[in-house]
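Going down the list, the protein sequences come from chains A and B. For the first sequence, the residue numbers in this note's numbering are 1 to 202. For the second sequence, the residue numbers in this note's numbering are 203 to 731. Glycine included, C-beta positions come from ideal geometry on N, C-alpha and C. Keep in mind it's a predicted model, so treat the numbers as computed, not measured.
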Amino acid sequence: MPSLELPLVLIAILAGTLAVTSAGRGAWVAIAILALSSSALEFSISDPNRIGLILRLSAIGIGLAAALPENLFERDALRRDLALGTLVRTLREHPVVVASAVAGLLLGLVPLALPIESSSDALRAAGIALLVVGLPPLLTSRFIEATTRAAVVTLSGTLLLRTSIFGALDPLGAIAIAAGFTCILVVGGSVATRISNAEEER
Amino acid sequence: MTEVGTLTAIRALFPVLAALSSLALVPLIRLWRGSERDDAATYATFGVQLLLLATSVGAALAGAGYLSTLKVGQITIDPSEPGRLLVLLGGIVFAVIVGAGEGRRAGTMGQIALFGIAAIDLSLAIPSGIAPIALLLFASLGISGAAASGKDDVGRARAVFRDLRTVSLLLPAVVIAEILRVAISYAAVDASYATPASLAAGTALGVSIVLIVAAGVFPFHGRLIKIFEALPIVGSLLVGVWIPSALALIVMSELSALASSITDPLGGAIVPGILLAGAATLIFGAVSALLHDDIGEIVGFMAVANSGWLALAAAAALQAPTDTSSRLIVLPGMLTISLFGLWLVSVRRRYGTTSIRELGGWARRTSANGIALTAAIVALAALPPGAVLAARLNLLLLGGNPLIALFAVIGQVLLIVAAIRLLLIGFTPQSQTVHEAETRPFANLITISLVAGSLFVAAAAAGWLALESGGTGPLPPAPSVSPATSFAPVPSSEPSVEPMPSLTASPEVSPEVSPDGSPSGSGEISPAP
C-alpha cells in the first residue's frame, strides 16, 4: 500500500485545488475525486474491517447525490469542462491557490514542531495542503456552493492531518464525521437551491 | 442479540429510537386522518408531543447506570447523567413549546426537537474526543437546515449558511486542540519542545474557541442573533441554546481534566481572555435586550447573555477543575432561555406580532402568558436564593477578578430589568392589536399545559427541584488514542527521549505533570501511538 500513498496524496491535493478554483461540473467532479482519494488515504484499503471507508464513501455519495446541480452529467458539457486544457487553464487563472497548495505541501513535509513521536509525512503534507487551499474560500466566499465545496476540502484536510498522527478514526468518530460530510453537502445544496428560488421569485 | 442485550440497547439508545420512530408515526397519523382534513396536522402535533413526553419518561426510567451501557465491538455508548437529565427536561420543554406554537409545521418542529435531544443524549454518552463534539456541531447544522426548510426565505437560508461556515471552521480547531493535548505528555519528558503549560494553553484555547463561537459569546454573537431572528423557536433554542450548552458540558469536562493534569499555571492570557469575553457578553446581551423593541430579538440577546455565563463557567473550570459550580449553571441557563422562548412563541401565536409597541396590555388580555413570563423572570433571577444563585456567585469568586464579577452582576441585573420591562408592557393600556386579538378560555389543554409547563421548568431552572445537581455528573472517559495509521507512518521527527510505557502522569519522569493526571475521567491525556 505505501506505493499508492504518494499518487493518492498528489491526486487529493490536485482535486482539492480544482474543487475550489473550478466552477460547476469540474468542481463537483473534483470533489468526488477528492472524497475517494482522501478516504482511501485515511482508511486502509487493505484493512479487512473497512467499515470506516464504506461509511465515508456512502456518506459522501449520498451527500453528493443530494447536492449536485441539475444537468451535471450532460455528456458534451462534461467532456468540455473536464478537458485537460480547461483544467490547466483554470489552475493558471488561480496562481495564488496553486501556490498555496504547493506551499502547504512543502510546509507539511517539515516535521511538526511538537513532541509527537510519529507522524506520516505524506498524509500530513496532504492534510496541510488541503487546509491551506480550503480555508480561505471557506472564510471569505459569498457563494454557497463554493463555500460548501471549500468546507468539504477543509474537513478532508483536517481529517488527513489527524490521521497522520492518530491513525484512522474510531468507529464512532467515523460515523459522526461521515454524517457530517452528508450534512454539509445536503444542507449546502438545499440552502443554495432555496436562495436561488427566492431570488428568482423576487 | 440476547434479550438482555436488546434491553440494554433500548435503554442506551432510547431517545434516538424515539426520534426515529417519529419518522414513521407522523406519516401514519397523516395517513389515518387523511391529508386533506384540517385536523391531520393537529393530530400529528399531538402525536409528536406524546412522543416527546414518552422520551422524557423513558430517559428517566432508563437512567445512566451500567444497565444502560451498550458495547458493540469497539463502540461504547455509556449514557451520562447530564445527558439523561437534558432529555428528561428537554422532552417536557419542547412538548410544551410545540403545543404553544400550534400551526401546520408544529409536528415537524416536534420531530426536530426529538432529533435534537437525541443527538445531545448520544453525544454526552460517547467517550470524549472528536466524536461527541463533531456529532453536536453537525447535529446543529442539520437541525438549522431542517428548521429553515418549508419556505424559500432568504433570511433563513443565510442563517443556515452562516452555521455551515461556522461548523466547518470549528472542526479544525478541535483537531488542533486534540493534537496539542496529546503532545502534553511528551513535552513533560522532552525539554527541547514547548512546555506542558504552553501546550495546555494551546489546547485550552482551541477547545474554548469551539465553545465561544458555538455558544455565541461576544464578539461571535452575530450568529446567535441571526438564528433567533430567522429560525422557528424550536430550531433557535436547539441550535442557539441547547446544543451549545451540551457542548459546554463537554468542553468544561475537557478543560477540568486539562487543568488538573498540569501543575504550572496555564500559559498566555487564556483565563483572563475568557473571563473578559464572558463579562462583556453578559453586559452586551443585557444592554441590547434593554434597547431593542422586538421580543424575538430581545430573547436572542438574552441567549447571548446566557452564553456569557457559559464562558465564565469555562474559565472557572480552568481555574478550579474540581469545583462543580461551572457545570451547575448550564442547565438552569438553558431552561430559563427556553422559558422565554415558550413565552415568545405563545405571544407571537396569539397576537401575530413581535413588536412591543403593538403589545401593550398583553398580560391583561392573556394572563397565562403573563404567568409564563413571570416564571421566566423568577428563573432568570434564580429566586428564592439557593443552589443556582450560589453557583453563579461561586463562579464569580473563582474568576478572581472583582471587576469582571462586578460587570457580570450588573449584566445579570440589567437582564432581569429587561425581562421586567416586557412584563410591565403587558399591564399598560391595551393596544389595538391586543384588543382585537382572539383569545381562548383559560381552561383548555394548551393554556393549562403552558402554565403548568412554565411553572415546572421555572422550578427546575431556579433550583427548587434540586434537579440541577444531577447535571454535574461525569461524562464518559476519553478513549485511548486510535490505532496506528494504515500506511505505517515513519517518524517525522526523532524524539530526543524515548517515552516510557507509563508516561502519563508519572511524577519521576515529568515533574510538571501532576500525579492525578485525569481526575474527572474525561479528556484523559494519553501518549501517541
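Of the listed residues the options, nearest to residue i (C-alpha basis)
i: residue 57 (chain A); options: A:200, A:9 and A:180; result: A:180
i: residue 263 (chain B); options: B:310, B:606 and B:289; result: B:289
i: residue 169 (chain A); options: A:41, A:93 and A:24; result: A:41
i: residue 19 (chain A); options: A:186, A:166 and A:94; result: A:94
i: residue 538 (chain B); options: B:574, B:265, B:578 and B:567; result: B:578
i: residue 365 (chain B); options: A:191, A:22, A:178 and A:62; result: A:191
i: residue 623 (chain B); options: B:568, B:340 and B:493; result: B:493
i: residue 482 (chain B); options: B:490, B:660, B:646 and B:420; result: B:420
i: residue 64 (chain A); options: A:80, A:99 and A:145; result: A:145
i: residue 666 (chain B); options: B:677, B:626 and B:586; result: B:586
Min CB distance residue i to chain A below 8 Å
i: residue 347 (chain B); result: yes
i: residue 222 (chain B); result: no
i: residue 627 (chain B); result: no
i: residue 702 (chain B); result: For residue 702 (chain B), the predicted structure reports a pLDDT of 36, less than 50, and the residue's modelled location is therefore unreliable. The matter cannot be settled from this model.
i: residue 333 (chain B); result: yes
i: residue 313 (chain B); result: no
i: residue 340 (chain B); result: yes
i: residue 374 (chain B); result: yes
i: residue 715 (chain B); result: Below a pLDDT of 50, predicted positions are generally treated as unreliable, and residue 715 (chain B), at 38, falls in that range; the measurement from the model is reported next regardless. No, residue 715 (chain B) does not count as interfacial toward chain A.
i: residue 355 (chain B); result: yes
i: residue 558 (chain B); result: no
i: residue 600 (chain B); result: no
i: residue 529 (chain B); result: no
i: residue 336 (chain B); result: yes
Boundaries of the alpha helix (DSSP H) in which residue i is found, first to last residue
i: residue 96 (chain A); result: 95 to 109
i: residue 419 (chain B); result: Residue 419 (chain B) -> no alpha helix (DSSP H), and no H or E assigned at all.
i: residue 319 (chain B); result: 308 to 325
i: residue 205 (chain B); result: 205 to 214
i: residue 562 (chain B); result: Note, residue 562 (chain B): premise wrong, no alpha helix (DSSP H); not H, not E.
i: residue 616 (chain B); result: 604 to 627
i: residue 649 (chain B); result: 647 to 664
i: residue 196 (chain A); result: 171 to 201
i: residue 296 (chain B); result: 283 to 303
Three-state class that DSSP yields for residue i in the structure shown
i: residue 531 (chain B); result: coil
i: residue 278 (chain B); result: strand
i: residue 120 (chain A); result: coil
i: residue 13 (chain A); result: helix
i: residue 351 (chain B); result: coil
i: residue 557 (chain B); result: strand
i: residue 57 (chain A); result: helix
i: residue 381 (chain B); result: helix
i: residue 707 (chain B); result: Confidence in residue 707 (chain B) is poor, its pLDDT being 34 and thus under 50, which makes the residue's placement unreliable; the coordinate value appears in the next sentence. Note: residue 707 (chain B) maps to coil in three-state DSSP.
i: residue 328 (chain B); result: coil
i: residue 365 (chain B); result: helix
i: residue 496 (chain B); result: strand
i: residue 721 (chain B); result: For residue 721 (chain B), the predicted structure reports a pLDDT of 35, less than 50, and the residue's modelled location is therefore unreliable. A value from the coordinates is still provided. Three-state result, residue 721 (chain B): coil.
i: residue 712 (chain B); result: Only weak support exists for where residue 712 (chain B) lies, its pLDDT of 36 falling under 50; the value from the coordinates is given anyway. If DSSP states are grouped into helix, strand and coil, residue 712 (chain B) belongs with coil.
i: residue 694 (chain B); result: Only weak support is given to the placement of residue 694 (chain B): the predicted model assigns it a pLDDT of 38, under 50, and the question is left unresolved by the model.
8 Å contact criterion, which residue i and residue j should meet: CB distance rounded
i: residue 314 (chain B); j: residue 437 (chain B); result: 6 Å
i: residue 150 (chain B); j: residue 247 (chain B); result: In this structure chain B extends from 203 to 731, so residue 150 (chain B) is not present and cannot be described.
i: residue 53 (chain A); j: residue 43 (chain A); result: 4 Å
i: residue 517 (chain B); j: residue 480 (chain B); result: 6 Å
i: residue 183 (chain A); j: residue 554 (chain B); result: The pair is not a contact, with the Cβ atoms about 34 Å apart (cut-off 8 Å).
i: residue 124 (chain A); j: residue 161 (chain A); result: 6 Å
i: residue 286 (chain B); j: residue 266 (chain B); result: 5 Å
i: residue 584 (chain B); j: residue 598 (chain B); result: So it is not a contact: roughly 13 Å between Cβ atoms.
i: residue 221 (chain B); j: residue 317 (chain B); result: 5 Å
i: residue 135 (chain A); j: residue 154 (chain A); result: 6 Å
i: residue 292 (chain B); j: residue 444 (chain B); result: 7 Å
i: residue 152 (chain A); j: residue 31 (chain A); result: 6 Å
i: residue 342 (chain B); j: residue 274 (chain B); result: Contact doesn't hold; Cβ gap of about 26 Å is too wide.
Any chain B beta carbon closer than 8 Å to residue i
i: residue 190 (chain A); result: yes
i: residue 155 (chain A); result: yes
i: residue 195 (chain A); result: yes
i: residue 180 (chain A); result: yes
i: residue 176 (chain A); result: yes
i: residue 151 (chain A); result: yes
i: residue 17 (chain A); result: no
i: residue 79 (chain A); result: no
Boundaries of the beta strand (DSSP E) in which residue i is found, first to last residue
i: residue 274 (chain B); result: 272 to 274
Where residue i meets chain D, residues with beta-carbon distance less than 7 Å
i: residue 276 (chain B); result: The structure shown has no chain D; the protein chains it does contain are A and B.
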